[in-house]
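To start, the structure under review is shown below, and the notes come after it.
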Amino acid sequence: MKVILEVKNLHVAVDNKEILKGMDLTFYSGKIHAIMGPNGNGKSTLLSAIMGHPRYQITKGDILYKGQSILEMPVDERSRAGIFLAMQYPQEIAGVTNSDFLKAALNARLEKTISFYDFFNRLKKEVTNLKMDPQLSHRFLNEGFSGGEKKRNEILQMKLLKPELALFDEIDSGLDVDALRLVGKQINESRNDDFCGIIVSHYQRIFDIVKPDFVHILLDGKIVKSGDSSLINKIDSEGYDFLKLDFKATNKKRQSVTSLGLCGANLKSETESNKK
Ligand SMILES: Nc1ncnc2c1ncn2[C@@H]1O[C@H](COP(=O)(O)OP(=O)(O)OP(=O)(O)O)[C@@H](O)[C@H]1O
Ligand SMILES: [Mg+2]
């Protein structure tokens, strides 16, 4: 298996609050990785840190893309290098039409600018595949788009940009059943040996369509369990409680070892000062 991304002992803070607390994960080309975890535990933070959102401060650790650290790379360079993020809450940008945005994003990656004719042919093909209203291409980016239209538009960007590492943050939220199938199909069609997809979701439905090779559970800023897709069924029926209990038990064990260590140190210093 070919490694595409390595997250090493990653600590990330937002506005000086530590969210990711030492995360280690390896992602592989040709594979789909699912990341699940309760609300507010750091899933979007991880994806934003990989994409290079400037608000997320890496306080410790490293992110290696194709073997090279990307911590110093700004977002646009990461995008040109083949990383793509479909956002949980896509931004509305008034004044920039969707098609102008897509064309600029595409041209930034190409050595030779794409012709107007080729661009519109490609756009038309993908818009048809996604059963999107063609008018959406001519409106301002995401402005007034419905929840589902925004999510389809993220997939449209992905299809045009053809990333090697695609991060999908709750791409299934707000999609009706037909749209979910359609979006899943588009992701499946993007699968190849040089494509890695990381899909964050709360629900089994998307993973019934896009079958993940690996499943990782993120709890309190750390990966607490990795496994295969059977983990998704377990979470769907039992929730996260069994993992929280495991996690607490492990932490308690660690704490008691630490406090014993501290007691030992205190005892030692007391005995030493008594001797004096
Ligand atoms: N600017 C900020 N200041 C303080 N805390 C923040 C800030 N931004 C994010 N957080 C906190 O970071 C934590 C992790 O947020 P994140 O969006 O990564 O969670 P998530 O796992 O993606 O959750 P969800 O499943 O609800 O999308 C949350 O508790 C959130 O409130
Ligand atoms: Mg999130």
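Take the sequence shown: its letters are residues 1 to 276, numbered as in my numbering. Virtual Cβ for every residue (Gly too), placed ideally from N, Cα, C.
Check                                                                                                                                                            : Outcome
If you follow the beta strand (DSSP E) that serine 190 is part of, which residue opens it and which one closes it?                                               : Premise fails: serine 190 lies in the alpha helix (DSSP H), 177 to 190, not in any beta strand (DSSP E).
Taking Cβ positions, are valine 183 and lysine 159 nearer each other than 8 Å?                                                                                   : no
Less than 7 Å separating the Cβ of valine 7 from some heavy atom of ligand 1?                                                                                    : no
Give a yes or no on contact between the segment 61 to 77 and the segment 139 to 146, applying the rule of three or more CB pairs nearer than 8 Å.                : no
In terms of DSSP beta bridges, what is glutamine 135 paired with?                                                                                                : DSSP output for glutamine 135 lists no bridge partner at all.
Could you check which residue in Ala86, Ala81, Val127, Gln88 has the C-alpha nearest to that of serine 99?                                                       : Val127
Check whether the Cβ of lysine 17 sits closer than 7 Å to any heavy atom of ligand 1, and report yes or no.                                                      : yes
Classify proline 54 as buried or exposed, calling it buried when 16 or more other Cβ atoms lie within 10 Å of its own Cβ.                                        : exposed
The alpha helix (DSSP H) spanning lysine 159 covers which residue range?                                                                                         : 147 to 161
Take every Cβ of the segment 124 to 138, pair it with every Cβ of the segment 66 to 79, and state whether three or more of those distances are shorter than 8 Å. : no
I'd like to check one pair, leucine 130 with isoleucine 171: are the Cβ atoms closer than 8 Å?                                                                   : no
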